[in-house]
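Throughout, this note's numbering is defined as the position within the sequence shown, counted from one, plus 61. Have a look at the structure below, then the notes.
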Amino acid sequence: MDKGTVHDRPAEAMPVTGDASAEDAAAGLGSQIVRFSRLLTTRRRRAKFEQGAGERVLLARLVLDGEQRATDLATDTFLDLSTVSRQVRSMVESGLIARRPDPEDRRGALLHATDAGRAAFEAYRRQRDAELAELLRPWSPEDRYQIIRLMARLNDDLAEHEHARHCSGNHPEAAAKQGATKHE
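Structure (structure tokens):
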């Protein structure tokens with residue numbers, strides 16, 4: 062069996078008991094996150110999505126949250142502004158998003174998803190949802206609920222932690238901008 066399949070190392074770091082320490086749980090979760098990321102990368106390569114993951118994240122923010130500045134996109138997605146600018150340039154060239162002058166600050170621009178961008182986002186979301194539905198179909202309704210609840214909690218806690226790090230200057234990118242050499 063090749064390394065990219067689902068059956069490469071199922072649940073290898075799962076804590077045996079429900080009373081695992083935070084450190085043991087972190088090690089088990091970390092292993093599963095790495096495995097999940099590897100499987101998603103394999104899936105993306107197989108699906109041959111035109112947009113990269115970073116571009117899909119930015120496009121999703123514009124479709125779901127509406128028009129905004131690149132600086133706001135960078136802040137909301139915890140990405141460096143230079144990364145966002147590069148991806149925005151590519152998406153403007155491909156017709157997925159468009160710019161217009163910011164009426165409050167003519168030096169800035171507001172970005173919004175085009176019809177083509179909304180269509181690309183919806184196509185990706187339909188394909189993602191169909192694949193996840195296929196995976197979740199054999200799960201019990203309670204297990205489906207729990208995975209969503211726990212993923213939402215993990216994402217919320219991680220976003221809060223990242224926001225606090227970013228705002229405090231302890232984030233590697235923020236520290237680099239301040240000329241600091243110490244990274245967490």
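Yeah, the Cβ is synthetic: ideal placement off N, Cα and C, and Gly gets one too.
Per the DSSP calculation, GLN129 is bridged to which residue(s)? What you label residue 129 is simply residue 68 of the sequence shown in a count that begins at 1. Its beta-bridge partners are LEU172.
Inter-stretch contact at 8 Å, needing at least 3 Cβ pairs: the stretch 141-150 / the stretch 189-208: Output reads no: the stretch 189-208 does not touch the stretch 141-150.
Any idea what DSSP makes of ALA81, helix, strand or coil? Residue numbering aside, residue 81 sits at position 20 when the sequence shown is read from its first letter. DSSP places ALA81 outside both helix and strand once states are collapsed to three, so it counts as coil.
Environment of VAL95 [buried if 16+ CB atoms lie within 10 Å]: To locate residue 95, count along the sequence shown from 1; it is residue 34. Around the Cβ of VAL95, a 10 Å sphere holds fewer than 16 other Cβ atoms; the residue is exposed.
Give the secondary structure of ASP163 by DSSP, where H, G and I count as helix, E and B as strand, and everything else as coil. Locating residue 163 in the sequence shown gives position 102, where the first residue counts as 1. Reduced to three states, the DSSP call for ASP163 is strand.
Who are the Cβ neighbours of GLY240 in its own chain at under 8 Å, not counting the five residues just before and after it? The sequence position of residue 240 within the sequence shown is 179, counting from 1. With a pLDDT of 38 at GLY240, under the threshold of 50, the modelled position of that residue is not reliable, and the figure given next carries that caveat. The beta carbon of GLY240 lies closer than 8 Å to none in the same chain, with the five residues before and after it left out.
Buried or exposed (CB count within 10 angstroms, at least 16 for buried), GLY169: Locating residue 169 in the sequence shown gives position 108, counting from the first residue. Exposed is the call here.
Spatial distance of THR138 from VAL118 (CA atoms): Taking the first residue of the sequence shown as position 1, residue 138 is located at position 77. Taking the first residue of the sequence shown as position 1, residue 118 is located at position 57. So the two alpha carbons sit approximately 8 Å from each other.
With three or more beta-carbon pairs closer than 8 Å as the criterion, would you say the stretch 175-184 touches the stretch 146-165? With a cut-off of 8 Å, the stretch 146-165 and the stretch 175-184 count as touching, because enough Cβ pairs lie within range.
Which first and last residues belong to the alpha helix (DSSP H) in which LEU219 is found? Here residue 219 corresponds to residue number 158 of the sequence shown, with the count starting at 1. In the DSSP annotation of this structure, the continuous segment of the alpha helix (DSSP H) that includes LEU219 starts and ends at 202-229.
Nearest residue (CA-CA) to ARG186, options ARG99, ASN216, ALA81 and VAL124: For this step, residue 186 is matched to residue 125 along the sequence shown. For the residues ARG99, ASN216, ALA81 and VAL124, the minimum Cα distance to ARG186 belongs to VAL124.
Counting C-beta neighbours from all protein chains within 10 Å, is the total for ALA213 16 or more, i.e. buried, or is it exposed? For the purposes of this step, residue 213 is identified with residue 152 of the sequence shown, where counting begins at 1. The Cβ neighbour count for ALA213, taken over all protein chains shown within 10 Å, is under 16; the residue is labelled exposed.
Where the alpha helix (DSSP H) containing ARG150 begins and where it ends: As a position in the sequence shown, residue 150 is number 89, starting the count at 1. Per DSSP, ARG150 belongs to the alpha helix (DSSP H) from 142-154.
Neighbourhood of LEU193 by C-beta distance below 8 Å, restricted to the same chain and skipping five residues each side: The residue labelled residue 193 in the question sits at position 132 within the sequence shown. Same-chain partners within the cutoff: there are none.
Tell me ILE158's beta-bridge partners as DSSP assigns them. Along the sequence shown, read from residue 1 onward, the residue named residue 158 stands at position 97. Partner(s): ALA174.
Sub-8 Å separation of HIS173 and GLU116 beta-carbons: Taking the first residue of the sequence shown as 1, we reach residue 173 at position 112. Taking the first residue of the sequence shown as 1, we reach residue 116 at position 55. Not in contact: HIS173 and GLU116 (Cβ atoms no closer than 8 Å).
Rounded straight-line distance, which links the Cα of ARG167 to that of ALA191: Within the sequence shown, residue 191 is the residue found at index 130, counting from 1. Within the sequence shown, residue 167 is the residue found at index 106, counting from 1. Roughly 42 Å separates the two Cα atoms.
Secondary structure of PHE182, DSSP reduced to three states: Within the sequence shown, numbered from 1, the residue matching residue 182 stands at position 121. DSSP places PHE182 in helix when its eight states are reduced to three.
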